[in-house]
Ligand SMILES: NC(=O)c1ccc[n+]([C@@H]2O[C@H](COP(=O)([O-])OP(=O)(O)OC[C@H]3O[C@@H](n4cnc5c(N)ncnc54)[C@H](OP(=O)(O)O)[C@@H]3O)[C@@H](O)[C@H]2O)c1
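Numbering (the UniProt record's numbering), first residue to last: 1 to 273.
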């Protein structure tokens with residue numbers, strides 16, 4: 001199966017910090033020299049990425065796009081159409097945008113439902129929306145013989161929920177389930193869906209909850225995560241569980257992708273009758 005080394009132009013949504021940024025810089029270093037489009041809401045971070053990494057010979061191909069994934073659907077579609085027009089070579093999209101909020105259901109009065117809806121939209125429904133908008137282009141390239149890629153990022157807590165981040169865990173379970181269905185459906189279109197399942201990793205994700213200092217005692221350093229993930233991205237793996245997430249994956253997920261594959265074949269036969 002084709003892999004990251006076949007990618008010519010990748011857009012990484014949510015690459016102004018954390019996992020997306022780490023992977024963007026590593027992908028820039030690949031011998032295949034892909035163009036890497038970095039994206040997020042913070043213009044100063046995009047400027048930093050392009051000024052410090054875009055100008056020299058090593059990182060000649062980093063391009064910035066300011067994008068808020070929670071923008072309304074019309075705006076999002078126009079932005080994506082524009083990206084495809086500017087970069088017709090775009091053959092891969094990685095979704096690393098995400099937010100996380102804690103919730104204590106023992107104190108229901110403290111739960112901020114506005115945060116819940118933002119979390120669901122940022123982490124899940126915006127991703128489905130964007131995938132839907134990117135797919136005509138990716139399928140068209142795929143059918144012309146060029147492999148294309150969708151990279152999703154779920155989480156170990158999408159397998160074993162982290163109760164203190166209940167809604168976040170539910171969004172990651174949704175991304176995990178979606179990734180399996182897309183993988184099964186889209187392979188016949190030469191669109192390869194690869195899901196990364198990180199463990200707790202050093203990033204800015206937990207900054208808003210004031211838990212970063214405590215979590216920093218347990219999280220995987222970003223450089224280690226990036227190294228392990230890049231090694232797996234160079235294989236034909238469709239699911240990439242890392243660190244502690246790999247333990248949960250082995251215990252609860254073994255065989256699920258294959259089972260979904262068989263289920264889809266059965267559904268096709270049933271619906272065609
Ligand atoms: N760190 C972990 O322990 C961990 C574990 C498992 C999975 N993950 C997942 O990994 C992905 C990356 O998270 P991270 O840990 O790297 O956190 P991070 O450092 O906070 O990065 C999150 C990224 O998402 C972007 N983002 C957030 N809201 C956005 C919006 N409305 N529009 C566009 N971009 C938006 C941010 O950019 P701007 O703020 O500039 O918009 C930033 O680039 C997320 O999907 C997260 O759920 C993380």
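For every residue, glycine included, the Cβ atom is placed at its ideal position computed from N, Cα and C.
Computed from a predicted model, the values in this text were never measured in an experiment.
{"Query": "Near ligand 1: residue 255 beta-carbon under 7 angstroms from a heavy atom", "Result": "no"}
{"Query": "Cα-Cα separation between residue 73 and residue 123, rounded to whole angstroms", "Result": "15 angstroms"}
{"Query": "Residue 103 burial status per 10 Å Cβ neighbour count (16 or more: buried)", "Result": "buried"}
{"Query": "Exposed unless 16 or more other CB atoms sit within 10 angstroms - verdict on residue 79", "Result": "buried"}
{"Query": "Distance, residue 132 Cα to residue 260 Cα", "Result": "21 angstroms"}
{"Query": "Span of the beta strand (DSSP E) around residue 239", "Result": "239-241"}
{"Query": "Contiguous beta strand (DSSP E) assignments of at least 3 residues, all confined to the stretch 45-121", "Result": "62-66 and 92-95"}
{"Query": "Whole-number beta carbon distance between residue 154 and residue 17, since they are thought to touch under 8 angstroms", "Result": "With 8 angstroms as the limit, residue 17 and residue 154 do not qualify as a contact, their Cβ atoms being about 18 angstroms apart."}
{"Query": "Separation of residue 200 from residue 208, as counted between CA atoms", "Result": "16 angstroms"}
{"Query": "Own chain residues within Cβ distance below 6 angstroms of residue 243, not counting five before or after", "Result": "199 and 220"}
{"Query": "Per-residue burial, residue 1 [other beta carbons within 10 Å of its own, 16 or more giving buried]", "Result": "exposed"}
{"Query": "Buried or exposed by the 16-neighbour rule on C-beta atoms within 10 Å, applied to residue 7", "Result": "buried"}
{"Query": "Which of helix, strand or coil DSSP assigns to residue 218", "Result": "coil"}
{"Query": "Any non-hydrogen atom of ligand 1 within 7 angstroms of residue 73 CB", "Result": "no"}
{"Query": "Proximity test, residue 67 beta-carbon vs ligand 1 heavy atom, cut-off 7 angstroms", "Result": "yes"}
{"Query": "Alpha-carbon to alpha-carbon, residue 23 and residue 11", "Result": "11 angstroms"}
{"Query": "Beta-carbon spacing of residue 127, residue 95 below 8 angstroms", "Result": "yes"}
{"Query": "Rounded separation between residue 247 and residue 212 - CA only", "Result": "23 angstroms"}
{"Query": "Neighbourhood of residue 268 by C-beta distance below 8 angstroms, restricted to the same chain and skipping five residues each side", "Result": "none"}
{"Query": "Presumed contact (8 angstroms Cβ cut-off) between residue 249 and residue 178, rounded CB distance", "Result": "Incorrect: roughly 17 angstroms between the Cβ atoms, too far for contact."}
{"Query": "Other residues of its chain near residue 40: CB distance less than 8 angstroms, five sequence neighbours each side excluded", "Result": "13, 14, 15, 16, 17, 20, 46, 66, 67 and 97"}
{"Query": "Range covered by the alpha helix (DSSP H) that runs through residue 206", "Result": "Per DSSP, residue 206 belongs to no alpha helix (DSSP H) and is neither H nor E."}
{"Query": "Contact under 8 angstroms by Cβ, residue 266 with residue 191", "Result": "no"}
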